[in-house]
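Q: Next up is a structure, given as structure tokens.
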Amino acid sequence: MGLPEGERDGRLDGKVAILTGAAGGIGRAVVRRYVAEGAKVVAVDVADTVHRLGDELGDSVLPMVADVRSWEDNQAVAAAARERWGRIDVFVGNAGITDAARPLEEIPGPQLTPAFEELFGVNVLALMLGVRASLDDLIAARGSIILTGSFAGANAAGGGVLYTASKHAVLGLVRQLAYELAPDVRVNGVAPGVAPTRLRGTAALGQGASDSVLDGTRAALPLQEVPDPEAYSGVFALLASADGEAMTGSMLTADSGLSIRGIARPGGRVRRPADG
Ligand SMILES: NC(=O)c1ccc[n+]([C@@H]2O[C@H](COP(=O)([O-])OP(=O)(O)OC[C@H]3O[C@@H](n4cnc5c(N)ncnc54)[C@H](O)[C@@H]3O)[C@@H](O)[C@H]2O)c1
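Using full-length UniProt numbering, you'd call the opening residue of the sequence shown number 1 and step up by one each time.
Below, the structure is given as structure tokens:
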């Protein structure tokens, strides 16, 4: 689902983007939005359902099955973008996995190292690999990098130790890369609060996918609604476009107010059941 015809302003016309974690959730919504705004997108995911985007969006999307933890796969993705469209303007590192909020004391010691390597491999290392593989093209295009962080990137209790530490690391990557690549490439992040998706868990912890939205999540949010994945896509479009030209090194918080919620009530004008 893109923007209604009348609302497309083509602010990404002529741009070529690579986006990881494209098969579902927030990533899929951003691919649709980028295409609606005029971009061509290499849509990357380890899940082969990413090919559905090609069926839906046609020649504007090049779906690719790849593991973002692999240098060779990242090289192949960048090469495919060059071959198909001749340039890379935007790299969106969005693929991620969760630890299902597993506390440290509930992780058996021997599982910790493989779990760390698995989760940090996807949530942190893959971002460096993806950026590195596209870097010359991004510099040549004076492009833009956007990394998906999280509420958990600046707060406790948005995940377990592994997820929270990994998303704090994403903030560090945004800031360091923004410094290293200025003035040629802008580097920013988006920190969502909650979206109704099912993130893959950490296999080394024996986890499958789990719901991001829990009982009570909606009521805890100051804005009192769990946003659809589409609700985040405009922020990613902004950062990729000329509208974001003065922004680098920023992590844009889009958390429905989670980081400013109150104690007595989540928001000052939120009515509690006791208020009648
Ligand atoms: N859903 C939320 O509430 C929420 C909140 C804050 C941040 N986030 C972040 O948003 C991003 C997108 O997550 P989502 O909620 O849309 O979930 P999602 O599971 O729908 O999307 C993540 C995608 O990454 C892919 N992926 C996982 N490992 C991969 C690998 N090794 N190689 C390639 N692709 C891989 C998955 O197959 C999946 O399609 C993640 O970085 C997540 O941490 C989500």
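By construction, the Cβ of each residue, glycine as well, lies at the ideal position given by its N, Cα and C atoms.
Model, not experiment: these values are computed from the prediction.
Quick check on this structure: which residue in V35, T98, A237 and P229 has the alpha carbon closest to the alpha carbon of G208?
A: Comparing alpha-carbon positions, the option among V35, T98, A237 and P229 lying closest to G208 turns out to be T98.
Q: Exposed or buried, which one is S258 when buried takes at least 16 other CB atoms within 10 Å?
A: The sequence shown places Leu at residue 258, not Ser. Under the 10 Å beta carbon count, L258 is surrounded by 16 or more other beta carbons and is classified as buried.
Q: What's the C-alpha gap between M1 and D137?
A: Bear in mind that a pLDDT of 44 at M1, under 50, signals an unreliable position, so the number given afterwards is only what the model happens to contain. Rounded to the nearest angstrom, the two C-alpha atoms are 29 Å apart.
Q: From the DSSP output, which residues share a beta bridge with M64?
A: BP columns for M64 point to V44.
Q: What number of angstroms, rounded off, separates the C-alpha of D48 from the C-alpha of V92?
A: 19 Å
Q: Under three-state DSSP, which class holds A191?
A: DSSP places A191 in the strand class (E or B) of the three-state scheme.
Q: Does the beta-carbon of I97, which I'm using as the reference point, lie nearer than 8 Å to any heavy atom of ligand 1?
A: yes
Q: Given the structure, does G38 come close to ligand 1, in the sense that its CB is under 8 Å from one of the ligand's heavy atoms?
A: no
Q: Tell me whether M1 sits in a helix, a strand or coil according to DSSP, three-state version.
A: With a pLDDT of only 44 at M1, under 50, the local geometry of the prediction cannot be trusted, and the value read off the model is given with reservation. Coil, per DSSP.
Q: If you run the structure through DSSP and keep just helix, strand and coil, what is S150?
A: coil
Q: Tell me the DSSP secondary structure of S134 in three-state form.
A: helix
Q: Going by other Cβ atoms of all chains shown within 10 Å of its Cβ, with 16 needed for buried, is L177 buried or exposed?
A: buried
Q: Helix or strand or just coil, what does DSSP make of G58?
A: helix
Q: Measuring CB to CB, does V161 end up less than 9 Å from P114?
A: no
Q: CB G130 to CB V174, shorter than 9 Å?
A: no
Q: Can you tell me whether R200 sits near ligand 1, meaning its C-beta is under 8 Å from at least one heavy atom of the ligand?
A: yes
Q: So is E225 buried or exposed if we call it buried at 16+ other beta carbons inside 10 Å?
A: exposed
Q: Grab me the residues of V122's own chain with a C-beta within less than 7 Å of its C-beta, minus the 5 sequence neighbours each way, in chain order.
A: V68, R69, A95, G96 and I97
Q: According to the Cβ coordinates, are A29 and Q111 closer than 9 Å?
A: no
Q: Assuming G193 and L147 are in contact, meaning their beta carbons sit under 8 Å apart, how far apart are those beta carbons, in whole angstroms?
A: Not a contact, Cβ separation roughly 16 Å.
Q: Pull up the distance between the alpha-carbon of A23 and that of P273, whole angstroms please.
A: 39 Å
Q: In whole angstroms, what is the alpha-carbon distance linking G201 and L119?
A: Each residue's Cα considered, the two are about 9 Å apart.
Q: What is the residue span of the beta strand (DSSP E) that L252 lies within?
A: M251 to A254
Q: Does the CB of Q111 have a neighbour CB from chain D at under 9 Å?
A: Absent from the structure is chain D; it holds one protein chain and no more.
Q: Using a Cβ-Cβ cut-off of 6 Å (strictly less than) and excluding sequence neighbours within five positions of E37, which residues of its own chain qualify?
A: R11, L12 and A237
Q: What does a CB cutoff of less than 6 Å around E230 pick up in its chain, not counting 5 residues either side in sequence?
A: A29
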